[in-house]
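Notes for the one structure printed next.
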Amino acid sequence: DVKVTQSSRYLVKRTGEKVFLECVQDMDHENMFWYRQDPGLGLRLIYFSYDVKMKEKGDIPEGYSVSREKKERFSLILESASTNQTSMYLCASSPHSSGRSPGELFFGEGSRLTVL
Amino acid sequence: GQNIDQPTEMTATEGAIVQINCTYQTSGFNGLFWYQQHAGEAPTFLSYNVLDGLEEKGRFSSFLSRSKGYSYLLLKELQMKDSASYLCAVHSGYSTLTFGKGTMLLVSP
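Structure representation (structure tokens):
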């Protein structure tokens, strides 16, 4: 069964702290993504990666960075957390080609981050 | 630019049929997805349309009209467990999906 695992379901951090959100997939997918989900705004793409050490900005990259040192792992980093980064963060992965449904994303359970 | 619109909320009764609409304006089109998301859980794949027409999968069907930039998700024989958020997403030719804001469906007894 395909699996995307996010390291923490719930985190509480203080303003200014550095925050790491980890995501691991066991499907050998090339593509990995970080979205945030907020009420009334839906899912918005922060960063994505097509391959190891590759990264591309999504729609809202400001205040975030990412790291992809291994194919199965994609990390989201908040260098200095702020209260407006309180959100649900969803990691997803997809293969380069996906047969019947190219582009289909496989999501992790999400990490709910609260910044105080 | 990318614009995907779907209703914010819908309500329906157990056993009924509900249609959730999605309109889109995107710079490219490589397919349209519907995902279901229960509260506190990850979105899960429901359907994919890339050609015009209706795709049926059990109680769920999805329709696409590329010329109109329009899709709908049809849920039949509604059950309480169908209460969830339904996300419309467009694959615009890169590997990324652009999502609408989601439609919260509430099924009442």
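For the protein sequence lines, the chains are A and B, in the order given.
For the first sequence, the numbering used here gives the first residue as -1, with consecutive numbering after it.
For the second sequence, the numbering used here gives the first residue as 400, with consecutive numbering after it.
Just so it is clear, CB atoms sit at the ideal spot from N, CA and C, and this is done for glycine as well.
Within the model, the alpha-carbon separation for residue 83 of chain A versus residue 39 of chain A is close to 13 Å. According to DSSP, residue 483 of chain B shares a beta bridge with B:504. Among the residues of chain A, those whose CB is under 8 Å from the CB of residue 499 of chain B are 40, following chain order. Just so you know, the alpha carbons of residue 437 of chain B and residue 462 of chain B end up roughly 22 Å apart.
One alpha carbon belongs to residue 428 of chain B, the other to residue 497 of chain B, and they sit about 11 Å apart.
Contact between the stretch 402 to 409 of chain B and the stretch 50 to 61 of chain A is absent: fewer than three C-beta pairs spanning the two stretches fall below 8 Å. Contacts with chain B (Cβ-Cβ distance below 8 Å) from the stretch 87 to 103 of chain A involve 88, 92, 94, 98, 99, 100, 101, 102 and 103, listed in chain order. Around the beta carbon of residue 478 of chain B, fewer than 16 other beta carbons sit within 10 angstroms, so the residue counts as exposed.
Counting C-beta pairs closer than 8 Å gives fewer than three between the stretch 447 to 457 of chain B and the stretch 73 to 93 of chain A, which falls short of the contact rule.
In the three-state DSSP reduction, residue 83 of chain A falls in the helix class (H, G or I).
When the Cα atoms are used, residue 434 of chain B and residue 488 of chain B turn out to be separated by approximately 8 Å. If you ignore the 5 residues before and after residue 23 of chain A, its C-beta comes within less than 6 Å of the C-beta of 2, 70 and 91, all in its own chain and listed in chain order.
The C-beta of residue 438 of chain B comes no closer than 7 Å to any C-beta of chain A.
At a cut-off of 7 Å between beta carbons, residue 423 of chain B makes no contact with chain A. DSSP, read as helix, strand or coil, puts residue 40 of chain A in strand. Looking at A:113, A:42, A:28 and A:8, the one whose alpha-carbon comes closest to that of residue 76 of chain A is A:113. The residues 414 and 458, in chain order, have a CB closer than 7 Å to that of residue 476 of chain B in the same chain once the five nearest residues on each side in sequence are set aside.
Under DSSP, residue 105 of chain A forms a beta bridge with A:90.
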